[in-house]
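Chains as they are written, first to last, in the working numbering: chain D, 1 to 143; chain G, 144 to 287. What follows is one structure encoded as structure tokens, with my remarks underneath.
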Amino acid sequence: MSQANRESEREIERQSKHESFKEEASSVEQTRAGRTYLSRVDIVETEDGLLLWADLPGVDEASLDVRVEDAILTIAGTVSPAGYEDLSPLYTEYNVGNFFRQFRLSEQVDQDRIEGRVNQGTLELSLPKLEKAKPRRIQISAR
Amino acid sequence: MARTSSFHLDPLLRLQDQLQRAFERPAGRWHGLSGPSAFPPVNVFEGSDGYVVKIEIPGLSPEAIAIESRGTTLQVRGSRKAPEVERGSFHRRERWSGEFNRAVELPEEADPARAEASYDRGILVVRIPRRAEAVRRNIPITGS
């Protein structure tokens with residue numbers, strides 16, 4: 001895999017405040033008070049494009065905002081504090097918060113054809129490459 | 144400041160604050176048998192009807208999760224597969240994958256035999272009622 005391919009997406013902002021499984025986003029990314037977490041992602045590149053999986057537990061379709069602006073892919077999800085009424089914590093391993101993540105997309109990605117769906121708090125995005133950015137096999141003919 | 148006054152009004156901020164305080168409380172780190180950095184992370188709450196266990200475990204189908212109880216121990220098992228893509232290469236691999244097995248020791252008053260579970264938005268919620276004999280009752284007093 002060439003270096004150029006690995007540059008198909010670059011992370012915009014990254015910071016480190018670890019809990020066991022969640023990393024808080026830096027304050028730059030936050031427009032509101034409270035904790036915002038970085039969504040953990042898997043990104044795979046194929047010949048046709050990029051496939052991205054982002055974990056956003058507690059976020060559904062309606063509370064998810066995925067957008068591309070100036071080649072920057074933004075994934076933002078809000079969680080609801082509903083379902084915690086009258087509960088007091090006895091033992092905790094994670095905190096609850098909104099999610100955020102940003103990547104700069106390379107020119108190879110066809111921004112108009114990005115598609116996604118959410119399945120049980122995991123976003124699955126498909127980011128196809130522009131036709132001209134796909135690898136092509138050159139036909140060699142024998143003389 | 145406006146931020147200070149809004150702090151107590153926003154239910155999400157209030158929840159975050161409450162969870163953070165539970166984190167920092169040594170007694171709050173009680174019963175997770177398999178240790179706090181194991182996947183998936185578990186929170187245990189007490190409510191008026193009993194106990195509620197919430198586990199963040201996104202991207203599965205409900206059939207991929209098995210919950211069992213023995214005595215007052217609740218066990219959650221399953222597996223989460225890494226993405227399988229033919230002829231692709233990983234640029235990033237941050238999501239947890241593999242087999243998981245977490246055991247949560249519940250208080251004596253819990254009755255896991257009557258527990259109910261749901262899975263929505265990647266969060267597993269198990270509700271465990273209190274044992275009948277542990278439910279607080281008002282005892283009427285008759286006058287003479």
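Ideal placement from N, C-alpha and C gives every residue a C-beta, glycine not left out.
Boundaries of the alpha helix (DSSP H) harbouring G/Leu-156: 154-167, taken from the DSSP string. Interface residue (Cβ-Cβ distance to chain D less than 7 angstroms): G/Ala-165 is classified as such.
Collapsing the DSSP output to three states places D/Lys-132 in a helix. In the structure shown, G/Ala-209 adopts extended strand secondary structure according to DSSP, grouped into three states. The segment 102-119 of chain D makes no contact with the segment 212-222 of chain G, as fewer than three CB pairs between them are under 8 angstroms. Boundaries of the beta strand (DSSP E) harbouring D/Asp-42: 41-45, taken from the DSSP string. As DSSP reads the structure, G/Lys-197 sits in a beta bridge with G/Asn-186 and G/Val-268. Residues of chain G whose Cβ lies closer than 9 angstroms to the Cβ of D/Tyr-37 do not exist; the shortest such Cβ separation is about 10 angstroms. The Cβ atoms of D/Thr-46 and G/Gly-231 lie closer than 7 angstroms to each other. Neighbours of D/Gln-108 across chain G, judged by C-beta separation under 9 angstroms, do not exist; the nearest C-beta is about 13 angstroms away. Rounded to the nearest angstrom, the gap between the Cα atoms of G/Pro-250 and G/Thr-215 is 7 angstroms.
Chain order gives no chain G residues near D/Asp-65, where near means a beta carbon separation below 7 angstroms; the closest approach is about 15 angstroms.
For D/Val-41, the chain G residues whose Cβ falls inside 8 angstroms of its Cβ are Arg-235, Glu-237 and Arg-238, in order along the chain. Less than 7 angstroms separates the beta-carbon of G/Leu-158 from that of D/Val-96. In its chain, beyond the 5 residues on either side, Ala-54, Asp-55, Leu-56, Ile-75, Gly-77, Phe-99, Phe-100, Arg-101 and Leu-123 have a beta carbon closer than 8 angstroms to the beta carbon of D/Ser-39.
Sequence-distant partners of G/Gly-265 (beyond 5 residues in either direction) whose C-beta falls short of 8 angstroms from its own C-beta, in its chain, are Glu-199, Ile-200, Pro-201, Gly-202 and Leu-203. Close partners of D/Glu-24 in chain G (Cβ separation under 7 angstroms) are lacking, with about 11 angstroms as the shortest Cβ gap. Within chain D, the residues placing a beta-carbon under 7 angstroms from that of G/Pro-154 are Pro-81, ordered along the chain.
The Cβ atoms of D/Pro-81 and G/Leu-155 lie closer than 7 angstroms to each other. Buried is the label assigned to D/Lys-129, since at least 16 other Cβ atoms lie within 10 Å of its Cβ.
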